[in-house]
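Numbering (the numbering used here), first residue to last: 153 to 492.
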């Protein structure tokens, strides 16, 4: 897919991007205090749509509890505001035609929190899942398929039933994807992908052995001991990839924390822009998101991305380079930005 901005003179594009980035970074705090009018929202979305758009954006939705404490609210109310922020950001992404949105909704380690908070989160997840799908004008309008990525068997039975119902309602939607990662841990996803890859390879080799003549059996046994489990194989067995997610372009964490917290470590290891925003998740909005998209577009226009932008309309397995010589520069392929 050739960037739409290529129709413009590169000089004018660079001036526009730089100017908007300067204005938004300089006045972000003031702008957040003002409610954007519908006309202003359309303007920003129109400007962003003039350039290339990432196909997969992931969010670590951090800061709900601190948002609530700052206002002397109950923690559960902070999580409720976090859900409203998710709806706002999801609509923004869909209007920009970002094909896939992934959010870190609940970590496996979150079960270690107080029983009161965990119970409140389970109730919130159940009610909002059903609300999102049964009254899901947004999902229907943009053809969004909802995937719940993680160890759902750890959830209470009523929440498991809500997950199955939500996924079933949106099963036939195919234009966009919303991945709710819960209860999720990247190391668990990677471990499961490796186990599935090995299991599949064992079945394949077992089938070959059963159809091999006696004189060639020795050679086949030798190949069995040298099974090649590649990075591409593991990638194709990740839960998110099996659900049709394109490669991860942008990863955003809110609240000022500068860590990934065991989220999409494999998917974000190459050619992914990582942004850390100081804004709490319930406060995160369009004006915080615009500079992030502009930065990604600038990396495309000025050739700093490792791979060209392609059309990810169909599921695609990302090729991860595994040779040690190529790994030496892995740090240079990650563009990390802090938003103030």
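Glycine included, C-beta positions come from ideal geometry on N, C-alpha and C.
The structure presented is a predicted model; accordingly, all values stated were derived computationally and were not measured.
Only buried fits residue 401, as 16 or more other CB atoms lie within 10 angstroms of its CB. Cβ atoms of residue 301 and residue 251 stay farther apart than 8 Å, at about 16 Å.
DSSP links residue 328 through a beta bridge to 296. Annotation for residue 442: the continuous alpha helix (DSSP H) segment containing it runs 438 to 453. Residue pairing for residue 333: DSSP places it in a beta bridge opposite 256, 301.
In this structure, residue 392 places its C-beta atom within 8 Å of the C-beta atom of residue 254.
Here the C-alpha atom of residue 303 lies approximately 41 Å from the C-alpha atom of residue 192. Going by C-alpha positions, residue 336 is about 6 Å away from residue 258. For residue 406 and residue 357, the gap between their C-alpha atoms comes out near 46 Å.
Around the beta carbon of residue 230, 16 or more other beta carbons lie within 10 angstroms, which makes this residue buried. Inter-residue distance for residue 348 and residue 225 is about 44 Å (C-alpha atoms, whole angstroms). Contact between the segment 283 to 294 and the segment 313 to 321 is present: 3 or more CB-CB pairs across the two stretches fall below 8 Å. Between residue 218 and residue 299, the C-beta spacing is not below 8 Å. Pairing residue 338 with residue 236 gives a Cβ-Cβ distance that is not under 8 Å.
Only exposed fits residue 271, as fewer than 16 other CB atoms lie within 10 angstroms of its CB. In the assembly as shown, residue 314 is a buried residue. Its beta-carbon has 16 or more other beta-carbons within 10 Å. Straight-line spacing of the CA atoms in residue 278 and residue 340 works out to 23 Å. CA-CA distance, residue 195 to residue 249, rounds to 16 Å. If you ignore the 5 residues before and after residue 295, its C-beta comes within less than 7 Å of the C-beta of 325, 326, 327, 328, all in its own chain and listed in chain order. In the structure shown, residue 287 falls within a coil segment according to DSSP collapsed to helix, strand and coil. According to the DSSP assignment, residue 208 belongs to no alpha helix (DSSP H) but to the beta strand (DSSP E) extending over 208 to 212. In this structure, the CA atom of residue 264 is about 28 Å from the CA atom of residue 389. Put simply, of 308, 262, 204 the residue whose alpha carbon is nearest the alpha carbon of residue 455 is 204.
The Cβ-Cβ distance between residue 275 and residue 398 does not fall below 8 Å. Contact between residue 212 and residue 451 is absent: CB atoms are separated by about 21 Å, not below the 8 Å threshold. Each of 239, 427, 306 was checked against the Cα of residue 260, and the nearest Cα belongs to 306. Distance check between residue 432 and each of 333, 404, 201 places 404 closest, using alpha-carbon atoms only. In the structure shown, residue 250 adopts coil according to DSSP, grouped into three states.
Following the DSSP letters along the chain, one finds residue 412 in no beta strand (DSSP E), marked with neither H nor E. In the DSSP assignment, residue 217 falls within the unbroken alpha helix (DSSP H) covering 216 to 222.
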